[in-house]
Amino acid sequence: MLKKILGMACLSLSLWAGEVQITAAADLVYAFKEMQVEFEKAYPGEKAHIAFGSTGKAYTQIVNGAPYDMYFAADMGYVQKLKDAGLISHEPKPYAYGRIGLWAPKTNNMDVKRGLELLLDPKVKKIAIADPSHAPYGVAAVNALKSQNYYDKIQDRLVLGENVSQAAQFIQTGAAEVGIIPLSLGISDTLKAQGDFFLLPSEWHNEIIQGYALLKNGENNPTAQKFEAFVGTPQARAIFKRYGFVLPGEL
């Protein structure tokens, strides 16, 4: 019996074993890869495993029992819904405010500084955005297009990515000539080297309030608690700012 009890205790501890399982919005892919490295430097032996994807799809996975410890969404509303469902450990928090803009590869020879007017150019056959049915940045893109009376003019040329990373890939691979993507992707070293980005006015779209929560699954995970604390450090905040995010308290 004692062996059985000890075995169960060891199994329980091994579920964490210095690791945290995180699901994060795809707009965080570059920022969080840096943050992952810095976190693991700050806490030797601890590992942060991060899966990137659309906020809406991740929400559905969590509701259906996906074993994540933390959820970093591109829309605070999804985090609030998890709170209402009793699936988070404590009060959710905003961690950043996002922005969107036009991005096109240099090889396309398109002047993104023309703004949304560029989308009416005959050379633009396809325009990539994230799927607004489950991607908050896709919602913001549609809002911007509608607020400036462009949506009806270009709706039939939209191609929808599963998430913002796929929307960017559509442009990179030539499946679309231009697209509306997050600032955090557009100013990354990778996309900056390949193309040009033009920031759209924030007044054109809904406010992109990004929030996170420690999930019930991770409330007793010491590594998850450390990562949550790390997100608020000056080091982590500097990474967010480097990728164009506006931080809470800075508006």
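Heads up: the sequence shown runs through residues -17 to -1, 1 to 234, numbered per mature numbering (1 follows the signal peptide of the UniProt record, and there is no 0). Even glycine gets a Cβ: it sits at the ideal position worked out from N, Cα and C. It should be emphasised that the depicted structure is a prediction, and the values quoted were computed from it without experimental measurement.
Buried versus exposed call for residue i [16 or more other C-beta atoms within 10 Å across all chains shown]
i           : result
residue 43  : exposed
residue 173 : exposed
residue 4   : buried
residue 298 : The shown model of the chain, from -17 to 234, leaves out residue 298, and the question about it has no answer.
residue 217 : exposed
residue 232 : exposed
residue 100 : exposed
residue 67  : exposed
residue 31  : buried
residue 165 : buried
residue 190 : exposed
residue 113 : buried
residue 116 : exposed
residue 211 : buried
residue 176 : exposed
Bridge partner(s) assigned by DSSP for residue i
i           : result
residue 76  : 195
residue 55  : 7, 195
residue 30  : 2
residue 214 : Partner(s): none; residue 214 has no beta bridge.
residue 111 : 142, 162
Cβ distance (whole Å) where residue i is taken to contact residue j below 8 Å
i           : j           : result
residue 124 : residue 163 : 4 Å
residue 179 : residue 89  : 6 Å
residue 7   : residue 33  : 5 Å
residue 195 : residue 53  : 7 Å
residue 146 : residue 37  : 4 Å
residue 209 : residue 29  : 6 Å
Spatial distance of residue i from residue j (CA atoms)
i           : j           : result
residue 98  : residue 91  : 15 Å
residue 224 : residue 230 : 7 Å
residue 13  : residue 227 : 11 Å
residue 138 : residue 127 : 13 Å
residue 149 : residue 198 : 27 Å
residue 24  : residue 129 : 45 Å
residue 207 : residue 201 : 6 Å
residue 2   : residue 39  : 24 Å
residue 143 : residue 111 : 6 Å
residue 95  : residue 131 : 16 Å
residue 219 : residue 141 : 35 Å
residue 222 : residue 155 : 24 Å
residue 215 : residue 136 : 43 Å
residue 192 : residue 93  : 30 Å
residue 70  : residue 61  : 12 Å
residue 213 : residue 22  : 7 Å
residue -17 : residue 10  : Note on residue -17: pLDDT 44, under 50, position unreliable in the model; the coordinate value appears next. One C-alpha to the other measures close to 50 Å.
residue 181 : residue 168 : 12 Å
residue 205 : residue 87  : 43 Å
Is the stretch 104 to 116 close to the stretch 152 to 161, with three or more CB pairs under 8 Å? yes
Assess contact between the stretch 74 to 85 and the stretch 113 to 129, defined as three or more Cβ pairs (one per stretch) separated by less than 8 Å. Is contact present? yes
Stretch pair the stretch 184 to 194 + the stretch 45 to 52: three plus CB contacts closer than 8 Å: no
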